[in-house]
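Enquirer: Before we start, here is the structure in question, set down as structure tokens.
2 protein chains.
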Amino acid sequence: MPRSGEAARRRLKEAALELFLENGFDQTPVEAIAARAGVTERTFYRHFADKREMFFDGEGELRDVLVQAITEAPPGTKPLPALRAAFHASVPLFERNRPLTEPGARLIAATPALQERALAKRALLVEALTQALQARQVDPRVASLLAQVAMDTCAAATHRWMLDASLSLHEHIDHAFRELRLAAAALK
Amino acid sequence: MPRSGEAARRRLKEAALELFLENGFDQTPVEAIAARAGVTERTFYRHFADKREMFFDGEGELRDVLVQAITEAPPGTKPLPALRAAFHASVPLFERNRPLTEPGARLIAATPALQERALAKRALLVEALTQALQARQVDPRVASLLAQVAMDTCAAATHRWMLDASLSLHEHIDHAFRELRLAAAALK
DNA sequence: TTAGAACTGTCAGTGCCTGACGCTACATTC
DNA sequence: GAATGTAGCGTCAGGCACTGACAGTTCTAA
Numbered sequence: 001m002p003r004s005g006e007a008a009r010r011r012l013k014e015a016a017l018e019l020f021l022e023n024g025f026d027q028t029p030v031e032a033i034a035a036r037a038g039v040t041e042r043t044f045y046r047h048f049a050d051k052r053e054m055f056f057d058g059e060g061e062l063r064d065v066l067v068q069a070i071t072e073a074p075p076g077t078k079p080l081p082a083l084r085a086a087f088h089a090s091v092p093l094f095e096r097n098r099p100l101t102e103p104g105a106r107l108i109a110a111t112p113a114l115q116e117r118a119l120a121k122r123a124l125l126v127e128a129l130t131q132a133l134q135a136r137q138v139d140p141r142v143a144s145l146l147a148q149v150a151m152d153t154c155a156a157a158t159h160r161w162m163l164d165a166s167l168s169l170h171e172h173i174d175h176a177f178r179e180l181r182l183a184a185a186a187l188k
Numbered sequence: 001m002p003r004s005g006e007a008a009r010r011r012l013k014e015a016a017l018e019l020f021l022e023n024g025f026d027q028t029p030v031e032a033i034a035a036r037a038g039v040t041e042r043t044f045y046r047h048f049a050d051k052r053e054m055f056f057d058g059e060g061e062l063r064d065v066l067v068q069a070i071t072e073a074p075p076g077t078k079p080l081p082a083l084r085a086a087f088h089a090s091v092p093l094f095e096r097n098r099p100l101t102e103p104g105a106r107l108i109a110a111t112p113a114l115q116e117r118a119l120a121k122r123a124l125l126v127e128a129l130t131q132a133l134q135a136r137q138v139d140p141r142v143a144s145l146l147a148q149v150a151m152d153t154c155a156a157a158t159h160r161w162m163l164d165a166s167l168s169l170h171e172h173i174d175h176a177f178r179e180l181r182l183a184a185a186a187l188k
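Next comes the structure, spelled out in structure tokens:
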């Protein structure tokens, strides 16, 4: 009964999140996920590259938003301000996905294998940001460093946002970048 | 013939590096490593938690050096200068291990699974640096952010050092931190 | 000599992931 | 309306990473 294809993918994601929250990531075989979704284990691997990959589906969208914001920054904008603006531009995406992201974040934090993958995904975003900066004539090595640093700053901001929602994500981002500026001023 | 234990561990590391360089990481089963080292696959897993873990053995030493440098920084030293000094203190460690690190670095760069693990190891170092800063009364959230940023800066420096050894690692570190300071000054 | 610790081998087993093959539903074309 | 193509899926077989349990060996210390 080969139905829609997209439906099976959705069922698999739902089943996986349920089982992971019930029993933990390492304690749920892919076979169990597939069974709850009504498909075969083999079908699971036709929709997802591997067991960890399910958690990181929206990454492509986030990357596009960030890269576009960098690309469209006014000419003459310095790298770090451009990066900060890009993260501000991605805030709606975080806010929209928050109810879905939050339980997943706890699961990732509790599962080393997922933390590794999350870091790898972040590295891919950094790579995309680096290239977007290079397209703006930023020196490649400087671009790489600053993309990394800005990504960390944004990650710190979203982390604080999870713990303290009394401030908006915009405010957390600005706070974090301000701390970065003040701390860097103490160099040399 | 159960000899020393430490000898087997060393043989396993040598055999693994050879086979990985010959055939690639993904194309060399643990069984082959064990066979070349003259032991069983099971023994491999008694010496290393998993196949990827062999590459990251000196990490403990590096962590200790960094943490000690942070701890022993003169009172009143600001966080980023303290972190920069810590990385300078770890330079001899990098220089000593360079001939061993360099072929490994290319292998890591060519193997996604190893990149993930390398990022995870970096995250552990960042965590240790964060705690060392907190012990110096740095605000926990600021400590976390700056440890991350400093680690990225040092990583960028070592990466440049691999590509361009005409400058010392000390100089690359200073250059990278200077770029960070200049870029951050453009914020706000 | 004996007791114990450290190291290893052997065996069985789980789980992730892949390749190859064939089937079925659906869309397209003539 | 029949032929063709395509996309999604099931089934089977198999490789490889990793683990638990048990037994045998060497070396050391009492």
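Chains as they are written, first to last, in full-length UniProt numbering: chain A, 1 to 188; chain B, 1 to 188.
Glycine residues also receive a C-beta, built at the ideal position from the N, C-alpha and C atoms.
What you are looking at is a predicted structure, and each value in this text was computed from that prediction instead of being measured.
Return the chain-ordered list of same chain residues with a C-beta closer than 6 Å to the C-beta of A:Ala118, the five sequence neighbours on each side being excluded.
Expert: Correct list, in chain order: Ile108.
Enquirer: Sorted by chain position, which residues of the same chain lie with C-beta nearer than 6 Å to A:Phe177's C-beta, five sequence neighbours on each side aside?
Expert: So the list reads Arg84, Thr153, once near-sequence residues are dropped.
Enquirer: Whole angstroms are fine: how far does the CA of A:Gln148 sit from the CA of A:Ser4?
Expert: Answer to the nearest angstrom: the Cα atoms are 40 Å apart.
Enquirer: Could you please give the first and the last residue of the uninterrupted alpha helix (DSSP H) stretch that includes B:Lys121?
Expert: Where B:Lys121 is concerned, the enclosing alpha helix (DSSP H) stretches over 112-134.
Enquirer: Starting from the Cα of B:Phe44, find the closest Cα among B:Pro140, B:Pro92, B:Ala8 and give me that residue.
Expert: It is B:Ala8 whose Cα lies nearest to the Cα of B:Phe44.
Enquirer: Just verifying my parser: in three-state terms, what is the DSSP assignment at B:Ala73?
Expert: Three-state result, B:Ala73: coil.
Enquirer: Show which residues of chain A have a CB atom less than 8 Å away from the CB atom of B:Ala186.
Expert: Within 8 Å Cβ-Cβ: Lys78, Pro79, Leu80, Pro81.
Enquirer: Cutting at 8 Å between CB atoms, please list the residues of its own chain near B:Thr40, excluding the five before and the five after it.
Expert: Excluding positions up to five away in sequence, the list reads Ala34.
Enquirer: List the residues of chain A that B:Leu146 touches, going by C-beta distances under 7 Å, in chain order.
Expert: The contacting residues are Ala183.
Enquirer: Would you kindly work out how many angstroms separate the C-alpha atoms of B:Ile70 and B:Leu182, rounded to a whole number?
Expert: Approximately 24 Å, taken between the alpha carbons.
Enquirer: Is B:Glu31 close to chain A, meaning its C-beta is less than 8 Å from at least one C-beta of that chain?
Expert: No, its Cβ sits nowhere closer than 8 Å to a Cβ of chain A.
Enquirer: With distances taken Cα to Cα, identify the nearest neighbour of B:Phe94 among B:Arg122, B:Arg11, B:Glu179, B:Leu169.
Expert: Closest option to B:Phe94, Cα to Cα, is B:Leu169.
Enquirer: Is A:Ser144 near the ligand MG, in the sense that its beta carbon is under 7 Å from a heavy atom of that ligand?
Expert: As far as ligands go, the structure on display features none, and thus does not contain the ligand MG.
Enquirer: Are the beta-carbon atoms of B:Leu125 and A:Ala156 separated by less than 8 Å?
Expert: For B:Leu125 and A:Ala156, no; Cβs fall outside 8 Å.
Enquirer: Pick helix, strand or coil for A:Val91, following the three-state DSSP scheme.
Expert: Helix.
Enquirer: Taking A:Arg19 as part of the alpha helix (DSSP H), name the residues at either end of that continuous run.
Expert: It is Leu, not Arg, that sits at residue 19 of chain A in the sequence shown. Element bounds for A:Leu19: 6-23.
Enquirer: Please check if any C-beta of chain A sits within less than 8 Å of the C-beta of B:Asp50.
Expert: Answer no: the Cβ-Cβ gap between B:Asp50 and chain A never drops below 8 Å.
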